[in-house]
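Visitor: Would you mind keeping the following structure in view while I ask a few things?
Protein chains: 2
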Amino acid sequence: MLSERQRMILSAIVDDYIRSAEPVGSRSISKRSDVSFSPATIRNDMADLEELGLLEQPHTSAGRIPSIKGYRYYVDHLIRLGGVKEQDVKRLRGLVAEKMNHWEGAVSHAASIVSQLTNYTSIVLGPDSFHTSLKHFQLLPLTETTAVAIVVANTGHVEHRTITLPEGVSMDDMRRIAGLLNDKLTGVPFYKVKTVLYTEVANELRSYIDHCEHILSLLEDTLKEETEPKVFLSGATNILTQPEFKDVDKVKGILDVLEETPRLMQLFQSLSEGIQVRIGTENGVEAINQCSLVTATISADGHLLGTIGILGPTRMEYGKVIGLLDYLSGDLTRLYTRLYK
Amino acid sequence: MLSERQRMILSAIVDDYIRSAEPVGSRSISKRSDVSFSPATIRNDMADLEELGLLEQPHTSAGRIPSIKGYRYYVDHLIRLGGVKEQDVKRLRGLVAEKMNHWEGAVSHAASIVSQLTNYTSIVLGPDSFHTSLKHFQLLPLTETTAVAIVVANTGHVEHRTITLPEGVSMDDMRRIAGLLNDKLTGVPFYKVKTVLYTEVANELRSYIDHCEHILSLLEDTLKEETEPKVFLSGATNILTQPEFKDVDKVKGILDVLEETPRLMQLFQSLSEGIQVRIGTENGVEAINQCSLVTATISADGHLLGTIGILGPTRMEYGKVIGLLDYLSGDLTRLYTRLYK
DNA sequence: ATTAGCACTCATGATCGTTGAGTGCTAACG
DNA sequence: CGTTAGCACTCAACGATCATGAGTGCTAAT
Chain A
1 MLSERQRMIL
11 SAIVDDYIRS
21 AEPVGSRSIS
31 KRSDVSFSPA
41 TIRNDMADLE
51 ELGLLEQPHT
61 SAGRIPSIKG
71 YRYYVDHLIR
81 LGGVKEQDVK
91 RLRGLVAEKM
101 NHWEGAVSHA
111 ASIVSQLTNY
121 TSIVLGPDSF
131 HTSLKHFQLL
141 PLTETTAVAI
151 VVANTGHVEH
161 RTITLPEGVS
171 MDDMRRIAGL
181 LNDKLTGVPF
191 YKVKTVLYTE
201 VANELRSYID
211 HCEHILSLLE
221 DTLKEETEPK
231 VFLSGATNIL
241 TQPEFKDVDK
251 VKGILDVLEE
261 TPRLMQLFQS
271 LSEGIQVRIG
281 TENGVEAINQ
291 CSLVTATISA
301 DGHLLGTIGI
311 LGPTRMEYGK
321 VIGLLDYLSG
331 DLTRLYTRLY
341 K
Chain B
1 MLSERQRMIL
11 SAIVDDYIRS
21 AEPVGSRSIS
31 KRSDVSFSPA
41 TIRNDMADLE
51 ELGLLEQPHT
61 SAGRIPSIKG
71 YRYYVDHLIR
81 LGGVKEQDVK
91 RLRGLVAEKM
101 NHWEGAVSHA
111 ASIVSQLTNY
121 TSIVLGPDSF
131 HTSLKHFQLL
141 PLTETTAVAI
151 VVANTGHVEH
161 RTITLPEGVS
171 MDDMRRIAGL
181 LNDKLTGVPF
191 YKVKTVLYTE
201 VANELRSYID
211 HCEHILSLLE
221 DTLKEETEPK
231 VFLSGATNIL
241 TQPEFKDVDK
251 VKGILDVLEE
261 TPRLMQLFQS
271 LSEGIQVRIG
281 TENGVEAINQ
291 CSLVTATISA
301 DGHLLGTIGI
311 LGPTRMEYGK
321 VIGLLDYLSG
331 DLTRLYTRLY
341 K
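Quick look at the structure:
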């Protein structure tokens, strides 16, 4: 249980440190216009807060900085959400409208604007396979033995890949197979596709083609790509402007995670709906122990349509970021329902 | 006109500096087993080479480092191309085969392996619009008023986008339009598409639809994306391991260029066929004056199918990189002809 | 409970030799 | 004349020393 004054002091320290990136001393707090305590009083409270694990001291003769636990308390209890500036609203509106006819494009574009507005890195995940189903499957012949397979999802997302026909399978065979797939798989969520493929589809297929195992695994491969959600990055270099990351080695670790999609996805595991904040070690990924991630899910009537994450230093402007994401996720949900319903 | 000894010294300095990133002194050269001159002799030649602008001195009491001009001479006259190691060949072979059924995937994947092998950054440009033509255009209805437009290129590349039907245009109208487009545009190179669209297609269209300007610009937008070649990046963070880029500010400038596609494309302007080396300021882009770019085009019978670029410090292992790209471009050309011919 | 006073700590930054790698020049050598 | 030994000179890098000052914890007075 913190006293009112302690809460105020913690809040002041977090705010100051977010702004300056430098340890905050008792004197600088007592000089604030809304504070009427002497530095000594504040020092006592600061010592208490440190004992509670909410503050840390880089070294004896420096000011205090918030600990992970301190940030957590701040985010949970003290934060004041930033409103979204009129001009920013306009910027988001205008530019999203521009890309309106391409859902994933719109989302990732919006995120890239947020990244510019905040000077942090934005990460966008497309719809996941639990909420996406197959809408259409099509084959377009390219040459005698090659064709483009096109997979369209109910979200409007399209995935494609060039396939080479196996020996002894004609383009006509493939056309029939494509028809079969549309019959059997339309409307099936992608996470179930593999199962259906090897049961229903396989049965039919055996009736008129031998050695269909090869074809099945080819189809599975083709459809598999859709299962993995797409990832978009923007403003990855923004971390470089943060003073705490002026050391190249620290930055390398972070950028490496961003560059490798699988490691990046790890960050987004076990997220629940709405807006979530993960501070420092809470992320559970070694390399970004010094970063915080704010995520917002975008969904319309039960469908998870995407996730937007903002990655910055633990010393992040939480209020501003949460405010922006809150606004944005609402706006994008509205956009989606208008477009696709 | 350089003497044989001067050429040897220049070569030795470049090689040493590439390896160590530190100024090379006369003593260290004279100690090489294949050298039989005294440091003093070497110093004299070094002074000459400096006067010719091939070498530079960071400060009076340091060794020499190659200048841009020095690297240029090295690349043009002294370089020994690196062979490709057996294990690297296997790696490239195996992994390219894996992605074989997806041309751009294969190229970008190969490039990412090169980036790992060299520890530099690889940049891949897809086929450009001069050598790509429309293969097929298709519309798939999503809802009452929206549809996915799919554009397939002769390279097997697929581009898509969700469009919203304009007021007063039915899905049936759109279907007829799609048929028309396939009639008129199949086989047309993308850089001509706009022209054909506004002449031939527009004429037909006017005969049965009013106010078709809106539709035309919608179609143009849809087809335009294909015009811009796709860009793939890999190993962007590798620069961070180079000692000359341990300063965050320098790195920031470079990574910023990599992150913005248009600025990145600028680097690839006015490239000719085959392998090209651009050293430091030769790139003509301020931010990467300290980097070199080695590019290789991949083409089969007149079609430019892609460009692979390797970006590293001016102190780059030119021999190794050129050797790898040379091998790779040949291999990919073979792969392409096997797949699509 | 708050605060003034004070001794104490310690990162930061300036100053100042020391060191050593590397140079340019001159004079001797073959 | 080309090559080399010898030598004085330069200058970045490093470490030691010291002053500075921001900030603390503790004690005693209010």
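In order, the protein sequences belong to chains A and B. Numbering follows full-length UniProt numbering, with no gaps: position 42 of the first sequence is 42. Numbering follows full-length UniProt numbering, with no gaps: position 92 of the second sequence is 92. Cβ coordinates follow ideal geometry from the N, Cα and C atoms, glycine included. This structure is a prediction, so every number in the text was calculated from the model and none was measured.
1) Determine the chain B residues that contact A236/A at a beta-carbon separation under 7 Å, and present them in chain order.
2) Taking the C-alpha atoms as reference points, what is the distance between S30/A and D16/A?
3) If you run the structure through DSSP and keep just helix, strand and coil, what is R32/A?
4) On a Cα-Cα basis, can you pick out the residue from T261/A, P166/A, Q266/A that is closest to E144/A?
5) Can you tell me the Cα-Cα spacing of residue 422/A and H157/A, whole angstroms?
6) Are T222/B and A149/B close, meaning C-beta to C-beta below 8 Å?
7) For a contact defined as C-beta to C-beta under 7 Å, what are the partners of L139/A on chain B?
8) Note down the Cα distance separating S11/A from P127/A, rounded to an integer number of angstroms.
9) Any idea what DSSP makes of R161/A, helix, strand or coil?
10) Which runs of the beta strand (DSSP E) at least 3 residues long sit entirely within the region 116 to 179 of chain A? Give them in chain order.
11) Is D128/B near the ligand ADP, in the sense that its beta carbon is under 7 Å from a heavy atom of that ligand?
12) May I have the straight-line CA-CA distance separating Q242/A from L267/B, to the nearest angstrom?
13) Are the beta-carbon atoms of K230/A and E104/A separated by less than 8 Å?
14) Run through DSSP, which three-state label would E50/A get?
15) If I measure Cβ to Cβ from G187/A and keep anything under 6 Å in the same chain, skipping five residues before and after, which residues do I get?
16) Hey, could you find the ends of the alpha helix (DSSP H) S11/B is sitting in?
17) Determine whether the beta carbon atoms of A300/A and S329/A lie at a separation below 8 Å.
18) Since I believe R315/A is in contact with I18/A (beta carbons under 8 Å), could you give me their beta-carbon distance rounded to a whole number of angstroms?
19) Mark Q138/B as exposed unless 16 or more other C-beta atoms lie within 10 angstroms of its C-beta, in which case mark it buried.
20) Helix, strand or coil: how does DSSP classify S292/A here?
21) Using 10 angstroms around the beta-carbon of N238/B, count the other beta-carbons present and answer buried if the total reaches 16, otherwise exposed.
22) Relative to chain B, which residues along the region 237 to 250 of chain A have a C-beta separation below 9 Å, given in chain order?
23) Looking only at C-alpha atoms, which of P189/B, L219/B, H214/B, K184/B sits nearest to E204/B?
24) Would you call the CB atoms of L293/B and G306/B closer than 8 Å?
25) For the region 140 to 164 of chain B, which residues have a beta carbon sitting closer than 7 Å to at least one beta carbon of chain A?
26) Given that L255/A touches chain B, what residues does it touch there, using C-beta distances under 9 Å?
27) Between K184/A and chain B, is the shortest Cβ-Cβ distance under 8 Å, so that the two count as touching?
28) Among the candidates K194/B, E51/B, Y71/B, whose CA atom is the shortest distance from the CA of T281/B?
29) Do V321/B and T118/B have their C-beta atoms within less than 8 Å of each other?
30) Would the region 57 to 77 of chain A count as touching the region 20 to 30 of chain A if we require 3 or more Cβ pairs under 8 Å?
31) Measure the C-alpha to C-alpha separation of L325/A and Y198/A and round it to an integer number of angstroms.
32) Do you know how far the Cα of T164/B is from the Cα of R206/B?
33) Below 8 Å between beta carbons: does that hold for S36/A and L55/A?
34) What is the residue span of the beta strand (DSSP E) that R278/A lies within?
35) Would you say H214/B reaches chain A, if we count a Cβ-Cβ gap shorter than 8 Å as a contact?
36) With a threshold of 8 Å between beta-carbons, can H131/B be considered close to chain A, or not?
Guide: The short version:
1) E259
2) 12 Å
3) coil
4) P166/A
5) Nothing about residue 422/A can be read from this structure; chain A reaches only from 1 to 341.
6) yes
7) None at all; the shortest Cβ gap to chain B is about 11 Å.
8) 37 Å
9) strand
10) 121 to 125, 134 to 141, 146 to 153, 158 to 164
11) Within the structure as shown, the ligand ADP is missing, as the structure has no ligands at all.
12) 28 Å
13) yes
14) helix
15) S133
16) 4 to 20
17) no
18) 5 Å
19) buried
20) strand
21) buried
22) T237, L240, T241, F245, K246, D247, V248, D249
23) K184/B
24) no
25) L140, L142, T143, T146, V148, I150, V152, G156, V158, H160, R161, T162, I163, T164
26) A236, T237, L240, L255
27) no
28) Y71/B
29) yes
30) yes
31) 41 Å
32) 20 Å
33) no
34) 275 to 279
35) no
36) no
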